[in-house]
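Numbering (the working numbering), first residue to last: 507 to 573.
For each residue, glycine too, the CB sits at the ideal point set by N, CA and C.
Shown next, in structure tokens, is the structure this report addresses.
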């Protein structure tokens, strides 16, 4: 066993949360500004967030070793 700690990627730490099943939740983009032209339905659906794609799970998990 090495005495080194693995660093957590701070950008990823702020963007992703791990679920009980081991997957990662993420927020949606396009909701910070220029909101007047977007419909209420579109903004509401963006607010729900989503899950990280299966193809990206491994990369996110590597960035968050202690999640």
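Residues in its own chain within less than 7 Å of residue 552 by CB, not counting five upstream and five downstream?
Around residue 552: 534, 536 and 537.
Contact check, residue 518 vs residue 570 under 8 Å by CB: the rounded distance?
That pair is a contact at about 6 Å.
Pull up the distance between the alpha-carbon of residue 565 and that of residue 559, whole angstroms please.
10 Å
With distances taken from CA atoms, which of 531, 545 and 543 is nearest residue 520?
531
Tell me the rounded alpha-carbon separation between residue 510 and residue 567.
18 Å
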